[in-house]
């Protein structure tokens, strides 16, 4: 049965989607069957894989509201073993529409259960907010991975995120685990980066990934070509860092 990991941080611009897209690429490269579920209305993971979300007639939204079975909306990427459940423009209103639905926090959980046995890893890229779509991504997951940018305000909002995770654990999904934090956009020349790292170890003793993602122009460029870093510049620092992260994650199995 596949492991379901939700990548969550309500702060935007912390490397959440970059981590989702590239971690999946390297997990697939290392022989795993991987599905990336994009439930961010901005659809950056979808477009970052070269899929034009504006021209898709249906995506994860239609699966969540029960209009389409999830397997009918899943798309292949250019890479073997790597598929994506894309986001579309219609997802923007989903947060509001879900409010009146029965089992509204469990919609994503329900549809993932239909396909979980087909994959080694299902990675969910949620929106940069703590609304119903994010709650759905937490309830559907086995574990949470939190990307944290190594900058001054990085830990602001972290306690709020951990409170939300605790609420989900207490009320909706007791077995939800916190896999840990991954440091992104790390700049070795910046003293601040190291102090954020030390702070983080206090929040997550034994649960900060050793693989640190550097600040990288190549990582930032890759999505505009519709490619993961594996297919854009695997020898770059960012490519090597995501390969290390994928290997570290597999070693936790």
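Residue numbers (my numbering): 134 to 386.
Glycine included, C-beta positions come from ideal geometry on N, C-alpha and C.
It should be emphasised that the depicted structure is a prediction, and the values quoted were computed from it without experimental measurement.
Query                                                                                                                                                                               : Result
Tell me where the beta strand (DSSP E) around residue 357 begins and ends.                                                                                                          : Unbroken run through residue 357: none, as it is neither H nor E.
At the level of alpha carbons, what is the spacing between residue 261 and residue 280?                                                                                             : 12 Å
Hey, quick one: how far does the beta strand (DSSP E) through residue 245 stretch, first residue to last?                                                                           : Premise fails: residue 245 lies in the alpha helix (DSSP H), 240-246, not in any beta strand (DSSP E).
With distance defined between alpha-carbon atoms, name the residue in 285, 378 and 360 nearest to residue 332.                                                                      : 285
When you compare only the Cα positions, how much space is there between residue 186 and residue 211?                                                                                : 16 Å
Mind checking whether residue 174 and residue 225 have CB atoms under 7 Å apart?                                                                                                    : yes
Cβ of residue 148 versus every heavy atom of the ligand SAH: is any distance shorter than 6 Å?                                                                                      : Absent from the structure shown: the ligand SAH. Ligands present: none.
For the alpha helix (DSSP H) containing residue 384, list its first residue and its last residue.                                                                                   : 370-384
Buried or exposed: which applies to residue 320, given that a residue is buried once 16 or more other Cβ atoms fall within 10 Å of its Cβ?                                          : exposed
Provide the residue(s) that pair with residue 170 in DSSP beta bridges, ordered along the chain.                                                                                    : 218 and 257
Can you check whether the CB of residue 292 is closer than 7 Å to the CB of residue 329?                                                                                            : no
By the three-class DSSP mapping on this structure, what secondary structure does residue 152 have?                                                                                  : helix
Is residue 310 helix, strand or coil when you go by DSSP?                                                                                                                           : strand
Could you say if the segment 266-279 and the segment 295-305 meet the contact criterion of at least three C-beta pairs nearer than 8 Å?                                             : yes
If we ignore side chains and look at the alpha-carbon of each, how far apart do residue 161 and residue 376 end up?                                                                 : 11 Å
What would DSSP say about residue 278, mapped onto helix, strand or coil?                                                                                                           : strand
Starting from residue 229 and walking both ways along the alpha helix (DSSP H), at which residues does that stretch end?                                                            : 227-232
Output yes or no for whether 7 Å exceeds the beta carbon distance between residue 341 and residue 334.                                                                              : yes
Can you pull the DSSP bridge partners for residue 209?                                                                                                                              : 216
How long is the line joining the alpha carbons of residue 231 and residue 343, rounded to whole angstroms?                                                                          : 38 Å
Answer yes or no: do residue 220 and residue 193 have a C-beta to C-beta separation smaller than 7 Å?                                                                               : yes
Note down the Cα distance separating residue 167 from residue 384, rounded to an integer number of angstroms.                                                                       : 16 Å
Give a yes or no on whether the C-beta atoms belonging to residue 362 and residue 352 are separated by under 7 Å.                                                                   : yes
Give me, in chain order, the residues of the same chain whose beta-carbon lies closer than 6 Å to that of residue 264; leave out the 5 immediate sequence neighbours on both sides. : 228
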